[in-house]
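> For the protein sequence lines, the chains are A and B, in the order given. Going by my numbering, the final residue of the first sequence carries number 112, and the count climbs one at a time with no gaps. Going by my numbering, the final residue of the second sequence carries number 230, and the count climbs one at a time with no gaps. From the three backbone atoms N, C-alpha and C, an ideal C-beta is built for every residue, glycine too. The structure displayed is predicted, hence computed values, not measured ones.
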Amino acid sequence: DAKTTQPPSMDCAEGRAANLPCNHSTISGNEYVYWYRQIHSQGPQYIIHGLKNNETNEMASLIITEDRKSSTLILPHATLRDTAVYYCIVRPRGAAGNKLTFGGGTRVLVKP
Amino acid sequence: GAGVSQSPRYKVAKRGQDVALRCDPISGHVSLFWYQQALGQGPEFLTYFQNEAQLDKSGLPSDRFFAERPEGSVSTLKIQRTQQEDSAVYLCASSLVVGGGQGAGGYTFGSGTRLTVV
Numbered sequence: 001d002a003k004t005t006q007p008p009s010m011d012c013a014e015g016r017a018a019n020l021p022c023n024h025s026t027i028s029g030n031e032y033v034y035w036y037r038q039i040h041s042q043g044p045q046y047i048i049h050g051l052k053n054n055e056t057n058e059m060a061s062l063i064i065t066e067d068r069k070s071s072t073l074i075l076p077h078a079t080l081r082d083t084a085v086y087y088c089i090v091r092p093r094g095a096a097g098n099k100l101t102f103g104g105g106t107r108v109l110v111k112p
Numbered sequence: 113g114a115g116v117s118q119s120p121r122y123k124v125a126k127r128g129q130d131v132a133l134r135c136d137p138i139s140g141h142v143s144l145f146w147y148q149q150a151l152g153q154g155p156e157f158l159t160y161f162q163n164e165a166q167l168d169k170s171g172l173p174s175d176r177f178f179a180e181r182p183e184g185s186v187s188t189l190k191i192q193r194t195q196q197e198d199s200a201v202y203l204c205a206s207s208l209v210v211g212g213g214q215g216a217g218g219y220t221f222g223s224g225t226r227l228t229v230v
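1. Measure the alpha-carbon distance for D11 (chain A) versus Q42 (chain A) and round it to whole angstroms.
2. Report yes or no: do the stretch 183-203 of chain B and the stretch 124-136 of chain B share at least 3 C-beta pairs separated by less than 8 angstroms?
3. List, from N- to C-terminal side, the alpha helix (DSSP H) runs of 4 residues or more that fit wholly inside the stretch 163-227 of chain B.
4. What are the complete beta strand (DSSP E) segments, minimum 3 residues, inside the stretch 5-63 of chain A?
5. Express the C-alpha separation of T5 (chain A) and S187 (chain B) in angstroms, rounding to a whole number.
6. Below 8 angstroms on the Cβ atoms is my contact criterion, and I expect S174 (chain B) with P137 (chain B) to pass it. Report the Cβ-Cβ distance as a whole number of Å.
7. How is the beta strand (DSSP E) around V110 (chain A) delimited, first residue to last?
8. DSSP three-state label for A132 (chain B), please.
9. Smallest Cα separation from K99 (chain A): which of B:T228, B:G222, B:S139 and B:G171?
10. Closest Cβ-Cβ distance between L203 (chain B) and chain A: below 8 angstroms?
11. Would you grab the beta carbon distance between V210 (chain B) and Q162 (chain B) for me? Rounded to a whole angstrom, and I think it's under 8 angstroms.
12. Name the DSSP beta bridge partners of S71 (chain A), please?
13. Where does L158 (chain B) sit, in a helix, a strand or coil, going by DSSP?
14. Give the secondary structure of R91 (chain A) by DSSP, where H, G and I count as helix, E and B as strand, and everything else as coil.
15. Starting from Y122 (chain B), find everything on chain A with Cβ-Cβ shorter than 8 angstroms and list it in chain order.
16. Below 8 angstroms, how does it come out for the stretch 54-68 of chain A and the stretch 91-110 of chain A: are there three or more Cβ pairs, yes or no?
17. Just grab the DSSP bridge partners of A114 (chain B) for me.
18. Name the residue from B:K169, B:G218, B:G154 and B:F178 whose alpha carbon lies nearest to the alpha carbon of Y160 (chain B).
19. Among A:T79, A:A78 and A:H24, which one has its Cα closest to the Cα of K52 (chain A)?
20. Under the rule that 16 or more other beta-carbon atoms within 10 Å means buried, what is T220 (chain B), buried or exposed?
21. Which residue comes first and which comes last in the beta strand (DSSP E) that contains V124 (chain B)?
22. Can you list, in chain order, the residues of its chain whose CB lies under 7 angstroms from that of R16 (chain A), leaving out five sequence neighbours each side?
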């Protein structure tokens, strides 16, 4: 599986946008970019995913560069409840993508 | 149920003891996954079931780890002769479709069982 690189931690201010970067320079054409987050003492929770187009849902926006070698997860108005570890995952289509390969993630602390 | 339920929530085992961790997936979910999460690390894949068939057990760290899902619903992860390095959170996830599906309709994780081996 392609590897991802994320900063280990970042702080952001409540009410401001949080921009979480992820590098996946070895991603191949049939691999999606997924984002999950894990709030303390809970299991990972799906946020968003994309292949090559930018995506938006009620939780976040995902911006993927044209060469697909990096992406940014945007939380538009961070709240204290967004404090969590955020994982960027590259996931192949098909059976090879059955299991998720998590890295170390980015520990995000939203401060009042 | 409304979500994936795991029990017990916490387990303390003496080194050498056998333990059994239970996962109740969402009713009707075909796929079931087990992950191990060491402190400060991301989850790591252990094994995958499609109904009662264990299709991938490549992540099980040793032959002391055994998982089953005999009727295609509830699953049990058993660890024999526990060692201190087995201390971790064990996460279960299920999915309605084969292989975990895509997007929001894919994986649903439980809150995990925290195993501490002393």
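Reading from the atomic positions:
1. Here residue 11 (chain A) refers to the residue found at position 11 of the first sequence. Here residue 42 (chain A) refers to the residue found at position 42 of the first sequence. Going by the C-alpha atoms only, they are around 21 angstroms apart.
2. yes
3. none
4. 9-13, 18-23, 31-38 and 45-50
5. Taking the first residue of the second sequence as 1, we reach residue 187 (chain B) at position 75. Taking the first residue of the first sequence as 1, we reach residue 5 (chain A) at position 5. For S187 (chain B) and T5 (chain A), the distance between alpha carbons rounds to 33 angstroms.
6. In the second sequence, counting from the first residue as 1, residue 174 (chain B) sits at position 62. In the second sequence, counting from the first residue as 1, residue 137 (chain B) sits at position 25. Rounded, the Cβ-Cβ distance is 25 angstroms, inconsistent with contact.
7. By 1-based counting over the first sequence, the position of residue 110 (chain A) is 110. Its beta strand (DSSP E) spans residues T106 to K111.
8. Along the second sequence, read from residue 1 onward, the residue named residue 132 (chain B) stands at position 20. Of the three classes helix, strand and coil, the one that applies to A132 (chain B) here is strand, per DSSP.
9. Here residue 99 (chain A) is taken as the residue at index 99 of the first sequence, counted from 1. Nearest of B:T228, B:G222, B:S139 and B:G171 to K99 (chain A), Cα basis: B:G171.
10. Looking up residue 203 (chain B) in the second sequence gives position 91. For L203 (chain B), the answer is yes, since a Cβ of chain A falls inside 8 angstroms of its Cβ.
11. Residue mapping note: residue 210 (chain B) aligns to position 98 of the second sequence, counting from 1. Residue mapping note: residue 162 (chain B) aligns to position 50 of the second sequence, counting from 1. At roughly 6 angstroms, the Cβ-Cβ gap stays under 8 angstroms, so V210 (chain B) and Q162 (chain B) are in contact.
12. Within the first sequence, numbered from 1, the residue matching residue 71 (chain A) stands at position 71. Per DSSP, A:C22 and A:I64.
13. Taking the first residue of the second sequence as position 1, residue 158 (chain B) is located at position 46. If DSSP states are grouped into helix, strand and coil, L158 (chain B) belongs with the strands.
14. The count along the first sequence starts at 1 and reaches residue 91 (chain A) at position 91. Looking at R91 (chain A) - three-state DSSP - the assignment turns out to be strand.
15. Residue numbering aside, residue 122 (chain B) sits at position 10 when the second sequence is read from its first letter. Ordered by position in chain A, no residue passes the 8 angstroms Cβ test against Y122 (chain B), which lies about 11 angstroms from the chain.
16. no
17. On the second sequence, residue 114 (chain B) is found 2 positions in, with the first residue counted as 1. Partner(s): none; A114 (chain B) has no beta bridge.
18. Counted from its first residue, the second sequence places residue 160 (chain B) at position 48. Checked all of B:K169, B:G218, B:G154 and B:F178; the closest Cα to Y160 (chain B) is B:K169.
19. Walking along the first sequence from the start, residue 52 (chain A) turns up at place 52. Here the closest residue by C-alpha is A:H24.
20. The residue you call residue 220 (chain B) lines up with position 108 of the second sequence. Looking at its Cβ environment, which holds 16 or more other Cβ atoms inside 10 Å, T220 (chain B) is buried.
21. One-based indexing of the second sequence puts residue 124 (chain B) at position 12. Its beta strand (DSSP E) spans residues Y122 to A125.
22. Taking the first sequence and counting its residues from 1, the one referred to as residue 16 (chain A) is at position 16. Excluding sequence neighbours, R16 (chain A) sits near A78.
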